[in-house]
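A.B. asks:
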Amino acid sequence: MKKIAVLGLGKVGTLAAELLHSSGFDVTGIDVVPRAELPFPVETLDLSDTSGVEALFAEQDAVLSCLPFHLNIALAEAACRAGIHYFDLTEDVPTTNRIIELSKTSKGLMAPQCGLAPGFIGIVGASLIAQLDECRSCKMRVGALPQNPTGLMGYSFNWSPEGVVNEYLNDCEVIEDGERKLVSSMEWMEDIYIDGMKLEAFTTSGGLGTMCETYHGKVANIDYKTMRYPGHAKLMNFFFHELLMRDRRAEAGEILVNAKPPVEDDIVYVHASAEGTIDGKLQRREFVRGYRPVEVAGKKRTAISWTTAGSVVAIIEMVRDGALPTKGFLKQEEIDLGAFLATPTGGLYAVG
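Those letters in the sequence shown? Residues 58 to 409, by the numbering used here.
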């Protein structure tokens with residue numbers, strides 16, 4: 058794997074492309090607007106033009122989609138037809154289910170859900186489960202937040218509003234008392250403290266990736282929740298359900314971004330824990346980090362940008378270097394945390 062196309066050059070896509078370029082890949086960036094300041098060629102392409110996409114993919118060994126989730130099924134299908142590797146950052150469950158079907162006949166690796174959550178959090182959760190002889194529960198929480206919030210919502214939309222609305226409204230898969238089930242989003246409220254900072258956590262869709270399938274019958278309780286500053290969930294439930302904005306998702310995203318635009322000084326909290334037994338004694342294992350903006354590839358990057366882009370780039374590096382399969386479907390929980398952290402890009406996550 059040498060040639061890779063990166064589709065969508067927003068903050069995350071641009072950084073991912075720069076990291077891949079620095080790691081020795083021949084990168085071609087694809088965006089709707091020309092970009093002349095990047096150290097790799099950029100082409101403008103209408104992704105609704107099937108012939109243009111097919112021609113592009115025929116020249117690549119792999120493709121990374123950093124585009125909104127609703128575009129990814131068509132791109133994954135095109136990558137499968139071209140026989141090349143496919144990576145994306147989606148948290149959308151129907152998109153992933155379609156890619157799983159494609160992987161059954163694909164010549165290359167099909168690897169969606171390679172971002173932060175799903176993605177890195179699943180790698181961490183699996184590593185904690187593996188430390189126990191028997192695991193009774195694994196809880197994974199991630200929160201991408203402004204460091205200095207204002208207002209009752211305590212939030213800024215540093216991530217795709219479409220993705221946030223999607224995960225706030227779609228049902229969430231969990232394992233509860235050994236049973237795989239779907240539960241409503243923005244429920245199962247709990248308090249979490251990280252370095253004395255009180256946060257609230259609640260269910261959101263997609264963060265577990267394929268972990269419920271993998272650990273069903275092996276771990277009695279698994280769930281994923283998003284962390285926010287206290288009071289956030291109550292306001293979002295009011296916005297989506299009492300004001301019925303759940304029926305107007307696109308408009309909801311526009312309203313929220315207009316009210317709470319992105320900030321540069323953000324923080325990504327990762328809190329994962331697993332409980333079970335080692336030699337018959339009950340034990341608890343934790344992974345807790347607070348990731349802040351850092352300088353990556355010569356520029357200061359927001360925490361959500363580098364934690365998302367860095368995760369998928371580290372995985373792509375592992376595939377290139379033979380540490381991961383090159384065919385079929387890649388589950389995040391199959392990736393060894395130690396090997397991930399040992400990659401040039403994965404090492405970013407070792408601090409925090």
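Cβ coordinates follow ideal geometry from the N, Cα and C atoms, glycine included.
Where do the ends of the alpha helix (DSSP H) carrying Cys-269 lie?
C.D. replies: 268-272 is the span of the alpha helix (DSSP H), which, as asked, contains Cys-269.
A.B. asks: Considering only residues of the same chain and omitting the five flanking positions on each side of Leu-76, which have a CB-CB separation below 8 Å?
C.D. replies: Same-chain partners within the cutoff: Val-353, Ala-354, Ala-366, Gly-367, Val-370 and Thr-402.
A.B. asks: Under 8 Å between C-beta atoms, does Val-69 make it to chain C?
C.D. replies: Note that chain C does not occur in the displayed structure, where there is just one protein chain.
A.B. asks: I'd like to know if the segment 130-141 and the segment 67-84 are in contact, where contact means that at least 3 CB-CB pairs between them fall below 8 Å.
C.D. replies: No contact exists between the segment 130-141 and the segment 67-84.
A.B. asks: Where do the N-terminal and C-terminal ends of the alpha helix (DSSP H) with Ala-187 fall, by residue?
C.D. replies: Note, Ala-187: alpha helix (DSSP H), 177-187.
A.B. asks: So, using beta-carbon positions, are Ile-345 and His-328 closer together than 8 Å?
C.D. replies: Looking at the sequence itself, residue 345 is Val, so the reference to Ile does not match. The answer is yes: Cβ separation under 8 Å.
A.B. asks: Measure from the alpha carbon of Thr-162 to the alpha carbon of each residue in Ile-186, Leu-189, Ala-133 and Leu-256, then state which is nearest.
C.D. replies: Minimum Cα distance to Thr-162 is reached at Ala-133.
A.B. asks: Tell me, to the nearest whole angstrom, how far the beta carbon of Leu-121 is from that of Leu-189; I am working on the premise that it is less than 8 Å.
C.D. replies: Incorrect: roughly 34 Å between the Cβ atoms, too far for contact.
A.B. asks: Please list the terminal residues of the continuous beta strand (DSSP E) segment that includes His-27.
C.D. replies: Here the chain has residues from 58 to 409 only, and residue 27 is not among them.
A.B. asks: Is it right to say Ile-335 is buried, meaning 16 or more other beta carbons lie within 10 angstroms of its own, or is it exposed?
C.D. replies: Per the 10 Å Cβ criterion, exposed.
A.B. asks: Apart from the five residues on each side of it in sequence, which residues of its chain come closer than 6 Å, Cβ to Cβ, to Gly-333?
C.D. replies: If we look at Gly-333 and ignore the five residues flanking it on each side, its Cβ neighbours are Leu-189, Glu-191, Cys-192 and Arg-193.
A.B. asks: From Gly-183 to Pro-169, what distance separates their C-alpha atoms?
C.D. replies: Sequence check: residue 183 is Ala here, not Gly. The alpha-carbon atoms of Ala-183 and Pro-169 are separated by roughly 17 Å.
A.B. asks: Quick check on DSSP: helix, strand or coil for Glu-148?
C.D. replies: Here Glu-148 sits in coil by DSSP.
A.B. asks: Would you call the CB atoms of Glu-343 and Gly-179 closer than 8 Å?
C.D. replies: Result no, Cβ atoms of Glu-343 and Gly-179 do not sit closer than 8 Å.
A.B. asks: Classify His-127: buried if its beta carbon has 16 or more other beta carbons within 10 angstroms, exposed otherwise.
C.D. replies: When all chains shown are included, His-127 counts as exposed.
A.B. asks: Which one of Val-320, Thr-153, Met-302 and Ser-362 has the shortest CA to CA distance from Glu-428?
C.D. replies: A query on residue 428 cannot be resolved here, the shown segment of the chain reaching from 58 to 409 and no further.
A.B. asks: Give the range of the alpha helix (DSSP H) segment to which His-328 is assigned.
C.D. replies: His-328 -> not in any alpha helix (DSSP H); beta strand (DSSP E) instead, spanning 323-335.
A.B. asks: Measuring alpha carbon to alpha carbon, tell me which residue in Ala-201, Leu-102, Leu-185 and Ala-119 is nearest Gly-347.
C.D. replies: Cα-wise, what sits closest to Gly-347 is Ala-201.
A.B. asks: How would you call Glu-230, buried or exposed, if buried means at least 16 neighbouring beta carbons within 10 angstroms?
C.D. replies: Its Cβ being crowded by 16 or more others within 10 Å, Glu-230 is buried.
A.B. asks: By Cβ distance, which residues of its chain are closer than 7 Å to Ile-157, with the 5 residues on each side in sequence left out?
C.D. replies: The residues are Phe-386.
A.B. asks: Taking the C-alpha atoms as reference points, what is the distance between Leu-113 and Arg-305?
C.D. replies: Answer to the nearest angstrom: the Cα atoms are 35 Å apart.
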